[in-house]
Amino acid sequence: SNTLVLQDVSKTYGETVALAKVSLVVRPGELVVLLGPSGAGKSTIFRCITGLAKPEEGSVEVLGQSITVLPPAKLRLARRDIGLIFQQFNLIGRLSAIKNVLAGRLGYVPAWRVILRLFHTRDRQLALANLDRVGLLHQAYQRANSLSGGQQQRVAIARVLTQESRVVLADEPVSSLDPEASETVLGILRGVCHERGIAVLCSLHQVDLARRYADRIVGLRDGRIVYDGPTEGLQAET
Ligand code: ADP
Ligand code: ADP
C-alpha cells in the first residue's frame, strides 16, 4: 500500500505557480529524494502534505487519509503521524537530547516540562534505544545545543523514531551540515527507513547525495516534476 500519495497537486501564490499538477507516491520502507534547486517547490510540497498550505487542485493522502478535506481537528491528529525533520533541527536547545527525543512521543503539549518528568521507564528505554540507533547513547543527557549540527540532526531522527511515525518528511535535512556529517545523517536516515518500513520523503539540492542515498529520485523544477525514477536514470534530465 502507498503511505503518501499526491495526485495532480497545484498551488499558486498570487502570480507564482509554486506547484503545477504534481503527482508522486512514497511507499513504506522507501526513501524518495525530492531533488531540485531553490524555488522549485520542495517546501510547498511539504506544506501541502502537513496541511499548512491548501492546494487549489489535486489531492494529498497520508496513511489513507485525505489531508486536503480534513476538518481542522482531524488534521491536527493526522499531523501527529507525520514525523518532521528540518534544516535547522528544531530541537529545544536547553533540554537534554533524551528529553527532545521523548517530546516526540507526546507531540507538543503546553505542560511538557512537568509531564516529561513523569515518563515511564518504558518510554525512557525506547528513547535511549533510538538514541543508540543513531549513535548518540553517550550524549543522551547532554543539552541539545551543546551537540554538533550532525549530532543534533541525529537527535531529530531519534525523535521521529520515538514518535513511531510511519511517514517522515525531511526538508533539506543536511543543508546546514558539513559533507561528512551530511553523509552520516543520510546514511542513518536511509538505514532506519529500510529497517522500520517508514515512508521517507527527503528534499535535497545536491545531485550527488541524492544519487547515493535515494531509493528513487523525484526531480522538481519550477513546480513541475521533470523526473521520477531510479537513481541511475537521472543523468540526462539534470
Ligand atoms: P523550494 O523549497 O524548492 O526552495 P518553495 O516551495 O519554497 O521552493 O517555493 C516555490 C515557489 O513558490 C517559489 O517561486 C517561491 O518564491 C514561491 N513561494 C513559496 N511560498 C510562498 C509564499 N508564502 N508567498 C509567495 N510565494 C511563495
Ligand atoms: P532537568 O534538566 O530537567 O533538570 P535532567 O534532564 O537532568 O533534568 O534529568 C531528567 C531525568 O533524567 C531525571 O529523572 C534524572 O534522574 C534522569 N537522568 C539525568 N541524567 C541521567 C543520567 N546520566 N543517566 C540516567 N538518568 C539520568
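Just so you know, we're using my numbering here: the sequence shown kicks off at 1431 and counts up by one.
For each residue, glycine too, the CB sits at the ideal point set by N, CA and C.
Opening and closing residue of the beta strand (DSSP E) in which Leu1634 lies: From DSSP, the beta strand (DSSP E) with Leu1634 extends over 1629–1634.
Residue range of the unbroken beta strand (DSSP E) whose run includes Thr1442: That run of the beta strand (DSSP E) goes 1434–1443.
Lys1451: first and last residue of the uninterrupted beta strand (DSSP E) it sits in: Here the beta strand (DSSP E) through Lys1451 covers 1446–1456.
For Gly1488, three-class secondary structure by DSSP: Gly1488 falls in the strand class under three-state DSSP.
CB contact check: Arg1457 to chain D, cutoff 7 Å: Annotation note: the requested chain D is absent from the structure, which comprises a single protein chain.
Residues of its chain near Gly1459, where Cβ-Cβ distance is below 6 Å and the 5 sequence neighbours each way are ignored: So the qualifying residues of the chain are His1624, Gly1627.
Ala1629 and Thr1433 closer than 7 Å at C-beta: Yes, the pair counts as a contact, with Cβ atoms nearer than the cut-off.
Boundaries (first-last residue) of the beta strand (DSSP E) holding Val1463: Residues 1461–1465.
Spatial distance of Leu1561 from Thr1592 (CA atoms): Cα to Cα, the separation comes out at about 9 Å.
Three-state class that DSSP yields for Ser1473 in the structure shown: Of the three classes helix, strand and coil, the one that applies to Ser1473 here is helix, per DSSP.
Strand pairing of Ala1600, partner residues [DSSP]: Looking at the DSSP output, Ala1600 sits in a beta bridge with Ile1515, Cys1632.
Between the CA atoms of Arg1642 and Asp1658 - distance to the nearest angstrom: Take the alpha-carbon of Asp1658 and the one of Arg1642: they are about 16 Å apart.
Inter-residue CB distance, Gly1488 and Leu1650 (contact presumed, cutoff 8 Å): Your pair Gly1488 and Leu1650 does not check out as a contact, with CB atoms roughly 15 Å apart and the cut at 8 Å.
Extent of the continuous beta strand (DSSP E) run through Gly1659: That run of the beta strand (DSSP E) goes 1654–1659.
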